[in-house]
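For reference, the structure discussed in these notes is given below.
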Amino acid sequence: LVKSVGLILKIVLNTVVGSAGAGYYSSAYEIYAFLYVIATSGLPVAISISISKRRAQGRLREAKKIFNIALLMFLVIGTVFATLMIVFSSQIAEFISAPETAVCIVAIAPTILFICLSSSLRGYFQGYQLMSPTGISQLLEALGKAGIGFLFAFWAKKQGYAPHIVAAYTVLGVTFGVFIGMVFLFVRKIFFKERNFYEREALEGQPPPEKTSKIFGELVKIAIPITLSSCVLSLTVIIDTLMVQTRLLASGLSEDLVRIFYGDYTTLVISVINLPTIFIYPISNALVPYITSAVSKNNYESAKNMRALTLRVINIISVPCALTLGVFSRGILGLMMFTEGSVNRAASWLSLGASAVIFLGIISATNAFLNTSGKQRYPLISMIAGAAVKIISNYFLVGTIGIMGAPLSTVLCYLTAAVLNIFFTVKHVGALPNVKKIFGLPLFCGVTSVGLSALVYLLLDKVLPYKIATFFALLCIVFIYLFMIIRTKTVTESELIMLPHGKKMVKILKKLHFFTKKC
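Its first residue numbered 59, the sequence shown is counted upward by one per residue in the numbering used here.
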């Protein structure tokens, strides 16, 4: 839901603000996103891991103390970063070769403080294996971004403001949305009763909480490697923000054309490539407290099974998504109601970058494996290597083949990080079980379903508009892929039953004869 609402905002940007205005918006937003990752990527995971460990040990008072320390840390970090964004907005805008973006940076700066406070609460709830407060707050944020952002954008456009001013008003929707999400989390925390998650015997025999300095050191030790690895990954987006526009200008393109290209690339291509993560990231995030709890209880077999199932489920999602985006890029962008000119420009860029979805899934899963095994520094090494590949390939590819080089360099970046993460996981966590079932079967089912659906599209395209032909082809992919992963036992009946509403799903699939009698 969050990603879907976010996509609506991207469509609003493309239609109301225009490609150039979307370029200004994206430039400011990516600066914010980079600082957001620095401020919030590591500590929520550290809080989740630390509180999960205390819950397993029945130490309620210490879990509360961890949250209080983390909240204070986030307050300081958020205030510092928000102030820096406002004070140095002009210098940052000049640095990315988009001076008009300064007003957008100022408009989004307070969001850093709000999101930092929200992140401390999300990490706290996740430590109790509660994902709904995170999900609801993120949905409120997204609705605020899209709803308030649309109203501000429409009003500013009606006033006849310049594109960068219209973009700044749109950015204010982000600030208001994040503030609303933060308020919800604080209200949820007020009514949350931690004692319900502990045994009474454990509460009566609690040892005194550890010293503040020791808890602070523990959080920092876990958070810094995770933050740095995530920071390097987000740095790839900043690299694009700086290098793509600069290299395109150096190649002789006009400034207006560069803004249009960059706006379409970030609004259409990057946004759509990130769409499959709506299913991928929650899986790996939810995995962290469960594995931590299992390891704390020395239940290593359970942790191993969780890793295997998680990686398989992520591949089952990411592989067909990547193949579908690569083959049906133009039709998918058209169905999303982006303007026809933007669709025609960005379709080939999306096809080139679609395979990044698979590598993002692998990175997400293996990061969780390494972080919960106390090997937080290894994802950092992988991401640094990926960022280095990104810089080098961006410089040469964008300078040689233009904007097409940006999605190619992104794929090379994520491929490098994914390969290294797999190597570190096998070496330090354990061998990947049943590689054929984890990687081979999803790829086989994905290629077959997308290939057959492409034939359907070619037949329908002769008699129907391409958008309608694409719609029916996508329906074919869903049914063929689902049928194949069940028949090849890539996913089993017992695993489907474990999902929300799984029994109903299995009942329907049996009526459709997706399951054989042997299944």
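Heads up, the beta-carbon is just placed ideally off N, CA and C, and yes, glycines get one too.
Limits of the unbroken alpha helix (DSSP H) element including residue i
i           : result
residue 523 : Segment: none, residue 523 is in no alpha helix (DSSP H) and carries neither H nor E.
residue 570 : That residue, residue 570, is in no alpha helix (DSSP H); it is neither H nor E in DSSP.
residue 185 : 168-185
residue 387 : 387-393
residue 316 : 313-322
residue 307 : 303-308
Outcome for residue i when other beta-carbon atoms lying within 10 angstroms are tallied against a minimum of 16
i           : result
residue 363 : exposed
residue 298 : buried
residue 259 : No answer about residue 259 holds up, because its pLDDT of 47 lies below 50 and its placement is not dependable.
residue 411 : buried
residue 103 : buried
residue 395 : exposed
residue 308 : exposed
residue 400 : buried
residue 168 : buried
residue 455 : buried
residue 213 : exposed
residue 566 : exposed
residue 80  : buried
residue 176 : buried
residue 356 : exposed
residue 368 : buried
residue 550 : exposed
residue 62  : exposed
residue 458 : exposed
residue 513 : exposed
residue 137 : exposed
residue 269 : exposed
residue 111 : buried
Per-residue DSSP class, three states only, for residue i
i           : result
residue 412 : coil
residue 268 : coil
residue 219 : coil
residue 433 : coil
residue 356 : coil
residue 259 : Because residue 259 carries a pLDDT of 47, less than 50, the predicted location of this residue cannot be relied on, and the following value inherits that uncertainty. Here residue 259 sits in helix by DSSP.
residue 334 : coil
residue 396 : coil
residue 448 : helix
residue 250 : coil
residue 561 : helix
residue 192 : helix
residue 577 : Because residue 577 sits at a pLDDT of 45, beneath the cut-off of 50, its placement in the model cannot be relied upon, and the point is left open.
residue 549 : coil
residue 243 : helix
residue 533 : helix
residue 381 : helix
residue 198 : helix
residue 59  : coil
residue 276 : helix
Residue i at chain B interface by Cβ criterion, 9 Å
i           : result
residue 140 : Going by chain labels, chain B is absent from the structure shown, which holds only one protein chain.
(request) Please specify which runs of the beta strand (DSSP E), each continuous and at least 3 residues long, are wholly inside the stretch 96-162, giving them in chain order. (result) none
(request) Give a yes or no on contact between the stretch 443-459 and the stretch 496-507, applying the rule of three or more CB pairs nearer than 8 Å. (result) no
(message) I want to know whether the stretch 76-93 touches the stretch 214-222 - three or more CB-CB distances under 8 Å.
(response) yes
(message) Which complete alpha helix (DSSP H) runs does the stretch 458-511 hold, if anything under 4 residues is left out?
(response) 463-486
(message) Taking 8 Å as the cut-off, does the stretch 479-487 touch the stretch 317-325 (at least 3 CB pairs, one atom from each stretch)?
(response) no
(request) Tell me, please, whether the stretch 183-191 touches the stretch 153-170 by the rule of three or more beta-carbon pairs shorter than 8 Å. (result) no
(message) Closer than 8 Å is the cut-off here; do at least three beta carbon pairs connect the stretch 173-187 with the stretch 229-244?
(response) yes
(request) Mind the definition here: the stretch 377-390 touches the stretch 523-535 only if three or more C-beta pairs lie below 8 Å; say whether that holds. (result) yes
(message) Taking 8 Å as the cut-off, does the stretch 412-432 touch the stretch 373-380 (at least 3 CB pairs, one atom from each stretch)?
(response) yes
(request) Answer yes if the stretch 502-521 comes into contact with the stretch 534-552, meaning at least three C-beta pairs across the two stretches below 8 Å, and no otherwise. (result) yes
(message) Under 8 Å, with one C-beta from each stretch per pair, do the stretch 114-134 and the stretch 268-283 reach the 3-pair mark?
(response) yes
(request) Evaluate the contact criterion for the stretch 199-210 versus the stretch 227-235: three or more CB pairs, one atom per stretch, below 8 Å. (result) yes
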